[in-house]
Amino acid sequence: MDVLKIAWLYPDLLELYGDRGNILAFRHRGTELGLDIKVDKFGVGEFFEAKAYDLVFLGGGADQDQSLFYNDLISRKIDFKEAMAAGTVFLLICGGYQLFGEYYLDSNGNKIDGLGIFNFYTIPGEKRSIGYLSIETEIEGQKMVLTGFENHRGQTIGVDTPLGKVLAGSGNMVGGGFEGFIDKHTIGTYLHGPLLARNPELTDLIIGWMCQRKNINADFSLSNSSSLEKEAKKQVLREQGLANYLDLVK
Ligand code: GLN
């Protein structure tokens, strides 16, 4: 059985709103595709080499939890850059996403240096962005509508390559119209929910990237037991007055 390896960073500190569901979604879909998804967890002070993994995952976290691993995260900058260059996929949710930018100004006005791998930065908004978030995106020619739940005060500014266009909700910045970040095989997003359980087509796209890296041929036409997830997504779109996007839910 072909093996895909995932490194899950700070699972105890970055676990808001069921972000661990993304790992479950990888495992579930991996089983359907005949792939063995191996997941290793790493906490503060635990060494690993990111380029030995097909995907690195970071979830979201509250400000006080984020402060417990800043120094550890920053020490991994060179390793992460090398891994990105070597084709490792990075999936970063909310708090994890924010810290890959230049800096994060928290709600108390503390300026925390980010990894600075990308040139966006995050400052506190006047109030929190909370609620369902739906976006439209096109990745490698595949048009998708993604839905999820956002809850963040940070407003991310200076994103040159957003993941998508906001259909409903805030995304990177209240009124800015764009959500998340994409650069090659790195995705950052404010979509909790969890993202991949709600958006099975994105799960397949990301597993496809991991397979590419290893030259694994998986048959993605294999039935995907996600009809319930798709119906849940359609319901969110209907509730947000976005029924004209239902056709994009494949
Ligand atoms: N603490 C960050 C913020 O409020 C991230 C929150 C989250 O990960 N949901 O902006």
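Residue numbers (this note's numbering): -15 to 234. C-beta: ideal position from N, C-alpha, C; glycine also. In this text the structure is predicted, and so the values were computed from the model without any measurement.
Proximity test, residue i beta-carbon vs the ligand GLN heavy atom, cut-off 6 Å
| i | result |
| --- | --- |
| leucine 0 | yes |
| arginine 137 | yes |
| cysteine 78 | yes |
| aspartate -4 | no |
| glycine 93 | no |
| asparagine 47 | Just to set this straight, residue 47 is aspartate in the shown sequence, not asparagine. For the ligand GLN, at least one heavy atom lies less than 6 Å from the Cβ of aspartate 47. |
| glycine 148 | no |
| glycine 115 | no |
| glycine 85 | no |
| glycine 44 | yes |
According to DSSP, residues forming a beta bridge with residue i
| i | result |
| --- | --- |
| tryptophan -8 | Lys25, Phe41 |
| asparagine 135 | Ile114 |
| methionine 128 | Thr121 |
| glycine 148 | Glu163 |
| valine 73 | Leu39 |
| aspartate -14 | Leu19 |
| proline 108 | Gly138 |
| glycine 172 | Leu76, Phe165 |
| lysine 95 | Leu89 |
Inter-residue spacing [alpha-carbon to alpha-carbon] between residue i and residue j
| i | j | result |
| --- | --- | --- |
| alanine 70 | leucine 57 | 19 Å |
| leucine 39 | glycine 225 | 35 Å |
| tyrosine 87 | glutamate 66 | 21 Å |
| leucine 52 | phenylalanine 84 | 16 Å |
| asparagine 228 | serine 211 | 19 Å |
| phenylalanine 204 | methionine 194 | 13 Å |
| histidine 12 | glutamate 110 | 39 Å |
| leucine 0 | leucine 206 | 31 Å |
| threonine 72 | alanine 202 | 18 Å |
| glycine 34 | proline -5 | Reading off the sequence, residue 34 comes out as alanine, not glycine. One C-alpha to the other measures close to 16 Å. |
| aspartate 97 | lysine 22 | 31 Å |
| lysine 127 | glycine 159 | 23 Å |
| glycine 80 | lysine 198 | 25 Å |
| methionine 157 | glycine 45 | 18 Å |
Anticipated Cβ contact below 8 Å, residue i with residue j, distance rounded
| i | j | result |
| --- | --- | --- |
| lysine 149 | isoleucine 101 | The Cβ separation is near 24 Å, so there is no contact. |
| isoleucine 77 | aspartate 188 | The pair is not a contact, with the Cβ atoms about 18 Å apart (cut-off 8 Å). |
| leucine 130 | serine 154 | Wrong, their Cβ atoms sit about 14 Å apart, outside the cutoff. |
| histidine 136 | tyrosine 105 | Wrong, their Cβ atoms sit about 14 Å apart, outside the cutoff. |
| lysine 218 | asparagine 183 | Not a contact, Cβ separation roughly 12 Å. |
| leucine 186 | glycine 132 | Contact doesn't hold; Cβ gap of about 10 Å is too wide. |
| glutamine 172 | phenylalanine 165 | Residue identity differs from the one stated: residue 172 is glycine in this sequence, not glutamine. Between phenylalanine 165 and glycine 172 the Cβ distance is about 4 Å, and since that is below 8 Å, they are a contact. |
| aspartate 90 | aspartate 49 | Wrong, their Cβ atoms sit about 11 Å apart, outside the cutoff. |
| aspartate -14 | isoleucine 200 | 5 Å |
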